[in-house]
Structure formats: structure tokens, C-alpha cells
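The next block holds one structure in the form of C-alpha cells; read it before the comments.
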Amino acid sequence: MIPTIESGIPGFDELTISEISEGGIPEKSTTLIYGPPKTGKSIFCNQFTYHGLLKQEPCLYLTTDQSLKQLQSNMMEFQWLIMNYIQNQTLYVIDGISHLSGAKLEETNNIKSSSVANSSDMMVKIGIGTRSVYKKSNHFRSVLDSINTLITFNPDQMVIRVLKAYLRRIREARGSGIIAYTEGVADLETENILKSLFDNIIRLDGKNIHFEYLSEENDEIHNFEATYTITDKGFVIEKK
Amino acid sequence: MIPCIESGIPGFDDLTKSESAMGGIPENSSTLVYGPAKTGKTIFSNQFAYQGLLNDEPCLYIMTDQGIKQFEDMMFDFQRPINKFIEDKTLYTINTTSNISEGKPQKNENIVSSYINNPTDIMVKVSYGVKYVNKNNPRFRSVLDSSTTLLAYNENMLILRVLKAYLMRINEAGGTSIITYTEDSADKKVETILKTMVNNIVRLDGKELTVEAMKGIGKRSSPYQITDEGLVI
Amino acid sequence: MKKTHIPKLDDFLGGGIPGGSSILFCAVPGVECEAFGYQILNGNIEDGDKGFIFTNVTEPQNIIYEFNKYGWNLEKYLEEEKVFFVDGSSNFMGVPPMGKYTIDELSQIEGIVLKAIDDIPNGVGVINNLSTLLDYLDDDKIIEIISKWNKRAKEKNTILVYIFTKWDYDPKIIENIKNSVDSVISLTSIEERVIIGQGFMVTSASWTTPSKNLVLFFVLQPGGVKIYIPKILVTGPYNAGKTSFVKSISKKSVSVERMAMEKFPTTIAMDIGHVDHKGFVADVFGTPGQERFDLMLDVLAKEAVGAFILVDSTEPQTFARAKEMINKTQSEAIPKIIVANKQDLPGALSPEQIREIMKLDKSIPIIPTIVNENTGVEEALDTLLNLLYGD
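What follows is the structure, given as C-alpha cells:
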């Protein structure tokens, strides 16, 4: 059986049960979650983060689309309160965007400000961040939401380079990472390279979720599909 | 319950009611209003701005498609006189066309002009404008009509970065913003990125208004008309 | 020769950087590199030179803010026109540009930076960041631009400092870039699944044969680039003054995230201090002197890079124990010095007498001190740092 971690998404872990897996997201792997705009990618990521926090699994969260403040208020809508986890440093946040709003982010041990256009600086903070969560637990999660803003502020090749370095960091530290991306934001060629960088792929289209991963255990591609909805409890996979 | 502000569009607030949303436009969010040309995007924005002014919510209005004079006339035609709000300074407009079409710029401190091909200058005025409308009331509205013109005169990716910064600024200051965009006027990629940058998406196709995305509600749509009182669901 | 103002780097480079040279800081992604450029600039401005910062990664305002965090007042130098910005970022982000020169489009970069070089003869220009430029321009073009800048800098006797992050580029272009500058300093990471340390090493310098030592560093805010010594041990027999010694060499104000600190539960009775001295930072661990703690001494000594062995100069009967502790710490292999404390008390033995009684080799320095009065403490610290990093 391959080791997995709980996704935190109701129905997801049941859906992904197979002869080689008890269900969930393969542990210590990287997942690209993508689809058209407003299909629930961020909600999925946030739910994944919050579930980890509830289980004392630290999380490195790189937010580039919205400021930490916006992230907090979005999570609040689903009653996912992250303040405590920020305070007890289980959640490590790199905010790459709030400087654009003109507000200066108060930096602490686990809250860092960076800039989406300054990849070198972002990578330094990712380095420190992975070390911090890795030392807390060897079961940490990492989220990058999302690649979209990186694409808007950097040449495509640069985004790919940064992503490669980021994924290498997460893999080395044996974290379980999810990275969000909106279909159509990058050119097709870039999009294809993007997809090739990940162990697992989740596609959302607003109605259906499709999950795919290559198992090293039996060298087979495993596919799962179901419908989903977004409720006030978050992302829910519907029973077949 | 998601707090909302009145949209100013008759029927819209009822359409967007749900168990978790009060109906209207979610407060402190951003909305993209898009659709083919001449489907009422500007009218939608104007009504949204006007409703705010009536409710004592100041408004920052960036207009790239019309001058202040045209704007005033249009509002007047729809029985929404705005001169009062220009005078009491609850309306702050940045317009980028009057330089060319209307000759001398206005003297009021809250009616400023900028250049369509100088997004940096527009952003400087936006920062100033946010401070201006925000100083008396933390709850304010902001309209950008339209992003299409900005995109047409400048490099697309630059404008998308500027719009991102614009939205971040309004959000940080507590405002609720609308951006309009004419479908297919730029790359599909641009449209997709625009959609990723906002919280809510409303599409107008001339007959139907579709709320494609909004906090707390699923996809909804309803027919609409443009009457002499404006856009009505 | 100009100083880099980076600790140890000048020594490695044979005294500093000759005017007109180009120097490349080539960093593995994740290793802090900007601070090196900024520190060189800041130091030279303080020495009375002029300089500029070219940025295409962040707006000048953010760089001013960064400088502040290091404790350097860039704003003042800007006002005094000792430094200016070549702003290649603001227009790209759609924010108001700031600085003497502004880049509107890529094609202007080459010429505007040349102008900037002309403006600061004998000064220092920092290019942050070369890698960001690389993805906008093609490979040949970038080499051509670098050579033009370097040629002009040579004529004007201006030093150019390039900041470069080594993403997964074609090794050929990296090689070509390295070959187009006078000196390359590699910034690398020390990893055990995660980055646990950062180091710098001079890999080439056209004007000298550089010493190729890898030196660990930390970037402190405030403070800038500091040489990092992961662990210095303070040991010695009971009542030799270890706790006082740790206190007197430590600065409490330093707060760095330190690996070494977090490896040990704080419940162990032990003195921990942070040294910040002449560009070096170090974590210092004092071990209890009693025999029942010898096991802990073994653990601590394993990763120590240097040691102070304290003795009470008036208590020769404890010297045997001190000698035993030296052996116990396996510290024969690591640089160490004997701190001969309590020199002010009657009956204190001189360093020579102590050396004789302990039968110590000449290679181990013995420094006379009065820890309580802070006498000889700095000398002890200098002596150990010298042993560790030489002159």
C-alpha cells in the first residue's frame, strides 16, 4: 500500500481507495490542481491546509494571489480559523502580494513578506520556511496559491525555473505539496511543461473533479472521477 | 452571513440572495462585469456607483471610455443627477479621455484627468483617490470602466499587473470594486487572468445577466432590460 | 583596492577588489545573495565613494526599506546624492518610478546602465538581478551587455557587483557569464533535506590567487552578512568561571534563527550565548564541569568547531581534570585555547607555568584573563577566531 495523507475534503479519501491505496493524497508527493477560473481550487487548497493544521501537521503556505489578510477572511467564511496556527507557528506564510496594496506586512518568525517579481527573495524565504516546518514535523504540507500571479509578473521560463526549485525543496524535505493554477493563464506550451512537473494532477471544471496519479508501486496511472459542490462547509465530493 | 452592499440594480439583490448571502454585492470584494459590446456594462457600473453615493458611500470612478461631461449627461438621462456628489466631494473621478476630446480639464480637486497610455500616472492618482474618498468613510465603492480601453492602449501584461495592484489597493482600504471588460476585445488569456483576479463575475449578453461566480451563491441568471431608468432585472 | 566590507572576503581576495573590476555573486536558489551587493555598496559609500543600484526585482522604495532593516541609511545617501537608483522595476509594475534613471523598456537597459557607470567614476554599482534579465534577453545579448558594462567600468575605475541566482539555466550560459567577470563568489547551501546553512567561497579572481575556503554565513537584520560559527564550546573544571565567560562574550540582542539552538532542549542545565564580534556570529555552549555531565560534553563536542577551556589559575589541582576534559571533548582535533582565569587572585599561575604543569603543546594558546572584569576576554575571542579562520 502506498502511504497517503488525509485530504480534508469530504468524500475525496473514499473516492481514491484502490488496491494499492487506502485513499487520500499520496504522501510526500506534489499535486497540481487546475481548472477554469472560480472552480474551487483555492477552497480545495485551504481545506487541505486547514485539515493538516487540525492534525498538527505544519504547513508552509505561499500566497501570491491574495494577501494574508484576504486569505484569513476567505478561510473565515468556512469557519476555518487560522489565527491560532499562525500564533503557535504551525502555519508558515509567505505573502508575495500584499506589498502591492501599499500596506506593510508585519513580519514575524513565521510570517514573511516577499514580492512575486523577486523570485530570488521568494526562494530564500521558501528555503527558510521549509526548514521551519520540516523541523516541526516530517509530515508537513505545503501550498502555493497560485501560479497565476507569478505568470503575470514574470516571463514564463522564469516561473518554470522557480517552480522547479520550489518543488525540489518540498520533495527534498518530504513535504506534501499542492499548487494551484488556472487553466489558460499561461501559453499552452508552458501549461504542458507545468503539468509535467508534478506527481499528481487534479482537474476541476466546476462540476467534476478528476484525480490522476502515477503509482511507483505498480507503475500504473490511477484515475478517479466524481462530481463535487462547494457548500458553506467547503469543497464536498458527491457520492456516486 | 456574507455582508453585501446594495447593487443599485433593480432585481439584482433579490437574484443574489441565498442562505449564506444577504443579496447584493459582497462588501469589500471585487467584481468583473463583462460581456459583448453595448450590453449595459457601463450602465451597470453607473447604477452601482450612484446607489453608493445615495447611501453615503463615496465613490472612486476611473473612466476611460467617457469624459466627465458625458458621464454627467448619461447619469442625468437616467434620472441620476450627480452634480451634487461632485460638489460635496463624495465622488472622485479620474478620466483619461477628456484630455483629448473635451479640451481643458476640470478645476475641481475631485475631478482629475490622466493619460490612457500612462498607467503609472493613473495608479498615482488612484492611490491619491483612494485616500481622498476613504478619509471620511471607510466604506466606499470603486469603478473602473473600462479595462478594455487600458488594454488597447498598453501592453496587456503590464495592465494586468496594474489592475492587480489596483484591486489589492481597493481591497486593503476596505472598498468594493467593479471592473468592466468587453468580451473578446483582448486575448482569451487576458480574460482568464482578469477572471482569476476578481472575487465575483457577472456577464451581460444583451438579454441575460449571469452571475457566473459570487461568494456564497452558485451560478444564477435572469433576463434583463435597459429602460429609461437604467438596467432592470 | 577597495574593501568589500564583507568579513573575511577581503582576506580571501588578497586585500579587496581593485577599482574597475567586476564581481559576480552566484547563488544557489534559496541562498541569500542581495545582502552581499548592498553591503559592499553601503561600506564603500561610508568610505566616501559614490554608487548606484540597478533593480529589476523590486521597487526602490522596498530596497530603502531593506537597507533600513540592515541598519544602513540609504535614504540619507540618496539625499546627499551619493547613491542613485536605476529603476528597472517600477514601470514594469505600474507604480511611480523613483530614481535618477528609469527603464521604460528592455532595450534601454544597456545604455542607461552605461550612463550610470559614467556618473560614478571610482564608485560601486550593484546590478540586482542578472538572472531576472536573463529570461528577458537572449543568451548572447546578455554576454554582450555584460562585457560592454565591464569595459566601461574598467575605464571609469568603477566596481560592478552582479547579483545572480543560479536557476536551472543551461550550464553553458552560466559558464559564459562567469567567464565575463573578473571574480566569482559562489554562494551555496548546506543541506540535510532542508537548507541548514549557507556558505560563500571565492571561486575565481583575476587579480590574485584566492584562498578557496568555504565560510558559513548568516545575514542579520540589523547587521548584514556575518561569518557564522555554528558551535563554540566553553568547558573546564567546576568553578573555573565558564558561566561568566559565556556571559561576557555574548550579546543578548542578537536574535537569529539558529539550528544549533533548537537541537537541544532548554531544560538541560547549560549556558548558551550568542557572540557577535568583528563580523563573526557564533553560538556558544557552556557545559557544566561536574563529571556526571560528561556524557553531555561528549554530545556537545561532536559538532563543535572550536573550544575555550577555562581553568582557575589559582587551582592547579584542577588542571588534571581540565586535561581530562580536553581529551573527553575529542577536542585535540578542533582549534581550542586555554583561558587562564582569575589572574587577579593571589597565587595565580602565569600562562607559562600552566603550560608546563598541563604539559601543553605550543600550538594551544593560553590567554590570561580576569573574566569578572572583562580583562583578556576579547583577546581570547580574537585568538580563537584567528585559529578558526586565520588571517
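Residue numbers (the working numbering), protein chains in the order written: chain X, 1 to 240; chain E, 241 to 473; chain W, 474 to 864.
Glycine is no exception: its CB is placed at the ideal position from the N, C-alpha and C atoms.
The structure displayed is predicted, hence computed values, not measured ones.
Inset, instruction - Taking only beta-carbon positions, decide if Gly-572/W is within less than 7 Å of chain E. - result: In the third sequence, residue 572/W corresponds to position 99, counting from 1. Not one chain E Cβ lies under 7 Å of Gly-572/W.
Legend entry - Coil, strand or helix - Pro-480/W by DSSP: To locate residue 480/W, count along the third sequence from 1; it is residue 7. In this structure, Pro-480/W counts as coil in the three-state DSSP scheme.
Inset, instruction - Just the chain X side, please: which residues come within less than 8 Å of Val-504/W by C-beta, in chain order? - result: Translated into the one-based positions of the third sequence, residue 504/W becomes position 31. Ordered by position in chain X, the residues that pass the 8 Å Cβ test against Val-504/W are Val-124 and Gly-127.
Inset, instruction - Using the DSSP secondary-structure output, state which residues sit across from Asp-749/W in a beta bridge. - result: Counting from 1 along the third sequence, the entry for residue 749/W is found at position 276. Looking at the DSSP assignment, Asp-749/W forms a beta bridge with Val-754/W.
Inset, instruction - Count the other CB atoms, across all protein chains shown, that sit within 10 Å of the CB of Gln-816/W; report buried if there are 16 or more and exposed otherwise. - result: What you label residue 816/W is simply residue 343 of the third sequence in a count that begins at 1. Under this definition Gln-816/W is a buried residue.
Inset, instruction - Taking only beta-carbon positions, decide if Asn-257/X is within less than 7 Å of chain E. - result: Because chain X spans 1 through 240 in this model, residue 257/X falls outside it and cannot be assessed.
Legend entry - For Tyr-228/X, the three-state DSSP class (helix, strand or coil): Here residue 228/X refers to the residue found at position 228 when the first sequence is read from its first residue. In this structure, Tyr-228/X counts as strand in the three-state DSSP scheme.
Inset, instruction - Would you please verify whether the beta carbon of Asp-855/W is less than 7 Å from any beta carbon of chain X? - result: Position 382 of the third sequence, counted from the start, is the residue given in the question as residue 855/W. False, the Cβ-Cβ gap to chain X never drops below 7 Å.
Legend entry - Distance between Met-75/X and Glu-107/X (C-alpha atoms, nearest Å): If you number the first sequence from 1, residue 107/X lands on position 107. If you number the first sequence from 1, residue 75/X lands on position 75. Straight-line Cα distance between these residues: approximately 21 Å.
Inset, instruction - Determine the burial state of Asp-313/E: buried for a count of at least 16 other Cβ atoms within 10 Å of its Cβ, exposed for fewer. - result: Translated into positions along the second sequence, residue 313/E becomes position 73. Looking at its Cβ environment, which holds fewer than 16 other Cβ atoms inside 10 Å, Asp-313/E is exposed.
Inset, instruction - Would you tell me roughly how many angstroms separate the C-alpha atoms of Lys-835/W and Leu-860/W, rounded to the nearest one? - result: Residue mapping note: residue 835/W aligns to position 362 of the third sequence, counting from 1. Residue mapping note: residue 860/W aligns to position 387 of the third sequence, counting from 1. Distance between the alpha carbons of Lys-835/W and Leu-860/W is about 13 Å.
Legend entry - Residues near Gly-670/W in its chain [Cβ-Cβ closer than 6 Å; skip 5 each side]: In the third sequence, counting from the first residue as 1, residue 670/W sits at position 197. Ile-663 and Leu-689, listed in sequence order.
Inset, instruction - Mind listing the chain W neighbours of Leu-183/E? Cutoff is C-beta to C-beta under 9 Å, in chain order. - result: Examination of residue 183/E is not possible in this model, given that chain E is present from 241 through 473 alone.
Inset, instruction - Counting only the same chain and skipping the five closest in sequence on each side, list residues whose C-beta sits under 8 Å from that of Leu-293/E. - result: Stepping through the second sequence from its first residue, residue 293/E is reached at position 53. Same-chain partners within the cutoff: Cys-299, Ile-322, Phe-325, Thr-330 and Leu-331.
Inset, instruction - Find the nearest neighbour of His-478/W within the set Asp-560/W, Gly-561/W, Gly-697/W and Asp-749/W, judged by alpha-carbon distance. - result: Mapped onto the third sequence, residue 478/W falls at position 5. Checking every option, the nearest Cα to that of His-478/W belongs to Gly-697/W.
Legend entry - Cβ neighbours of Ala-453/E in the same chain (closer than 7 Å, five flanking residues each side left out): Reading the second sequence from its first residue, position 213 is the one you call residue 453/E. These residues qualify, in order along the chain: Asn-440 and Ile-441.
Inset, instruction - Give the range of the beta strand (DSSP E) segment to which Phe-691/W is assigned. - result: Residue numbering aside, residue 691/W sits at position 218 when the third sequence is read from its first letter. Start and end: 688–693.
Inset, instruction - Tell me, please, whether the CB atom of Ile-265/E is closer than 7 Å to any CB atom in chain X? - result: Residue mapping note: residue 265/E aligns to position 25 of the second sequence, counting from 1. It does not: the Cβ of Ile-265/E has no partner Cβ on chain X nearer than 7 Å.
Inset, instruction - Could you tell me which chain X residues have their CB closer than 8 Å to the CB of Tyr-609/W, listed as they occur along the chain? - result: The residue you call residue 609/W lines up with position 136 of the third sequence. Here the neighbours are Pro-155.
Inset, instruction - Can you grab the Cα-Cα spacing for the pair Thr-420/E / Phe-44/X, in whole Å? - result: As a working note, residue 420/E is residue 180 in the second sequence. As a working note, residue 44/X is residue 44 in the first sequence. Taking C-alpha positions only, Thr-420/E is separated from Phe-44/X by approximately 28 Å.
Inset, instruction - Could you please tell me which residues of the segment 370–389 of chain E, in chain order, have their CB closer than 7 Å to any CB of chain X? - result: none
Inset, instruction - Could you tell me which chain X residues have their CB closer than 8 Å to the CB of Arg-401/E, listed as they occur along the chain? - result: As a working note, residue 401/E is residue 161 in the second sequence. What Arg-401/E touches in chain X: Thr-152 and Phe-153.
Inset, instruction - Could you tell me if Phe-316/E is buried or exposed, where buried requires 16 or more neighbouring beta carbons within 10 angstroms of its beta carbon? - result: Taking the first residue of the second sequence as 1, we reach residue 316/E at position 76. So Phe-316/E ends up on the exposed side.
Legend entry - Cβ neighbours of Val-236/X in the same chain (closer than 8 Å, five flanking residues each side left out): Taking the first residue of the first sequence as 1, we reach residue 236/X at position 236. Taken in chain order, the residues that qualify are Ile-9, Pro-10, Gly-11, Tyr-228, Thr-229 and Ile-230.
Legend entry - Given 8 Å, three or more beta-carbon pairs between the segment 145–155 of chain X and the segment 178–198 of chain X: yes
Legend entry - Nearest to Thr-760/W (by Cα), restricted to the options Glu-507/W, Ile-799/W and Thr-631/W: Mapped onto the third sequence, residue 760/W falls at position 287. Checked all of Glu-507/W, Ile-799/W and Thr-631/W; the closest Cα to Thr-760/W is Ile-799/W.
Legend entry - Neighbouring residues, chain E, relative to Ala-97/X (Cβ below 7 Å): Locating residue 97/X in the first sequence gives position 97, counting from the first residue. Note that residue 97/X corresponds to Ile in the displayed sequence, not to Ala. Chain order gives the chain E residues near Ile-97/X as Met-408, where near means a beta carbon separation below 7 Å.
Legend entry - Cutoff 7 Å; reference Leu-687/W; Cβ partners in own chain excluding five residues on either side: Walking along the third sequence from the start, residue 687/W turns up at place 214. Correct list, in chain order: Gly-672 and Met-674.
Inset, instruction - Please list, in chain order, all residues of the same chain as Arg-794/W whose beta carbon is under 6 Å from its beta carbon, the five residues on each side excluded. - result: The residue labelled residue 794/W in the question sits at position 321 within the third sequence. Answer for Arg-794/W: Pro-710, listed in chain order.
Inset, instruction - May I ask you to list, following chain order, the residues of the segment 175–205 of chain X that have a beta carbon less than 9 Å from some beta carbon of chain E? - result: When CB distances to chain E are screened at a threshold of 9 Å, the residues of the segment 175–205 of chain X falling below it are Thr-182, Glu-183, Gly-184, Val-185, Ala-186 and Asp-187, in chain order.
Inset, instruction - Kindly list the residues whose CB is nearer than 6 Å to the CB of Pro-276/E, restricted to its own chain and excluding five residues on each side of it in sequence; keep chain order. - result: What you label residue 276/E is simply residue 36 of the second sequence in a count that begins at 1. Excluding residues within five positions, the ones whose Cβ falls inside 6 Å are Glu-423.
Legend entry - Cβ-based burial, Ser-270/E [other Cβ within 10 Å; buried from 16]: Mapped onto the second sequence, residue 270/E falls at position 30. Classification of Ser-270/E: buried, given that the 10 Å Cβ count is 16 or more.
Inset, instruction - Would you kindly work out how many angstroms separate the C-alpha atoms of His-99/X and Gln-763/W, rounded to a whole number? - result: Working through the first sequence from its first residue, we reach residue 99/X at position 99. Working through the third sequence from its first residue, we reach residue 763/W at position 290. Approximately 54 Å, taken between the alpha carbons.
Inset, instruction - Could you check what DSSP says for Gln-291/E in three-state terms: helix, strand or coil? - result: The sequence position of residue 291/E within the second sequence is 51, counting from 1. In this structure, Gln-291/E counts as helix in the three-state DSSP scheme.
Inset, instruction - Compare the C-beta of Arg-765/W against all C-beta atoms of chain X and say whether one is closer than 7 Å. - result: For the purposes of this step, residue 765/W is taken as the residue at position 292 of the third sequence. Judged by the 7 Å Cβ criterion, Arg-765/W is not in contact with chain X.
Inset, instruction - Please name the residue in Leu-858/W, Glu-539/W and Ser-494/W whose C-alpha comes closest to that of Glu-628/W. - result: As a first step, residue 628/W is located in the third sequence; it is residue number 155 there, counting from the start. The candidate whose alpha carbon is nearest that of Glu-628/W is Ser-494/W.
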